[in-house]
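**Q** Shown below is the structure under consideration.
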Amino acid sequence: MHARVFLLLSGLWLCAPSAVAGEEGGGVCLAPAAAAQAVRDGRVERLADVTRSLVGDILHADLCDGGTGLVYRVVVIDDLGRVRRVVLDARTGRLVYDGR
364 MHARVFLLLS GLWLCAPSAV AGEEGGGVCL APAAAAQAVR DGRVERLADV
414 TRSLVGDILH ADLCDGGTGL VYRVVVIDDL GRVRRVVLDA RTGRLVYDGR
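So for the sequence shown, our numbering puts the first residue at 364; every next one is plus one.
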């Protein structure tokens with residue numbers, strides 16, 4: 364069941380507009396190599412570190428330009444199958460947007 368939900372949500376994520384009304388982090392996202400370099404340079408924290416407080420499984424994550432700095436755009440699914448999109452400050456891990 365979770366595999367089907369994951370595939371469905373992955374497809375929806377790819378078709379979704381880059382930003383939801385009111386959501387921060389709707390800018391251009393970095394390629395994986397550029398995101399890894401940002402972590403190595405110390406410009407951002409590792410995704411695993413900033414998402415530690417999130418409950419559920421991460422379905423998708425991108426490191427993107429949030430306008431005032433880099434942010435992680437993350438899609439999370441909890442044990443009950445509820446999906447939410449969150450945006451986290453990539454330097455501090457602070458929650459910027461919660462699409463509950």
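Backbone N, C-alpha and C fix where the C-beta goes; we use that ideal spot for every residue, glycine too.
Check this for me: beta carbons of ILE440 and LEU451, under 7 Å apart or not?
**A** In this structure, the beta-carbon distance from ILE440 to LEU451 does not fall below 7 Å.
**Q** Since ARG463 sits in a beta bridge, which residues does DSSP pair it with?
**A** In DSSP, ARG463 forms no bridge with anything.
**Q** For ARG463 and ARG445, what's the separation of their Cα atoms in angstroms?
**A** Computed Cα separation, rounded: 9 Å.
**Q** Just reading off the alpha helix (DSSP H) that ALA396 is part of, what are its end residues?
**A** Unbroken alpha helix (DSSP H) run through ALA396: 395-403.
**Q** For ASP452, which three-state DSSP category applies?
**A** Three-state DSSP puts ASP452 in a strand.
**Q** Where DSSP assigns a beta bridge to LEU458, which residues make up the other side?
**A** LEU451
**Q** With 16 as the cutoff for other CB atoms within 10 Å, does LEU443 come out buried or exposed?
**A** Exposed is the call here.
**Q** Tell me whether ARG441 sits in a helix, a strand or coil according to DSSP, three-state version.
**A** Per the sequence shown, residue 441 should be read as Asp rather than Arg. Looking at ASP441 - three-state DSSP - the assignment turns out to be coil, as it is neither helix nor strand.
**Q** Between which residues of its own chain and ALA401 is the CB-CB distance below 8 Å, once the five residues before and five after are set aside?
**A** Answer for ALA401: LEU393, VAL407, LEU426, LEU433 and ALA453, listed in chain order.
**Q** Quick check on the burial criterion: 16 or more other C-beta atoms within 10 angstroms. Buried or exposed for GLY405?
**A** exposed
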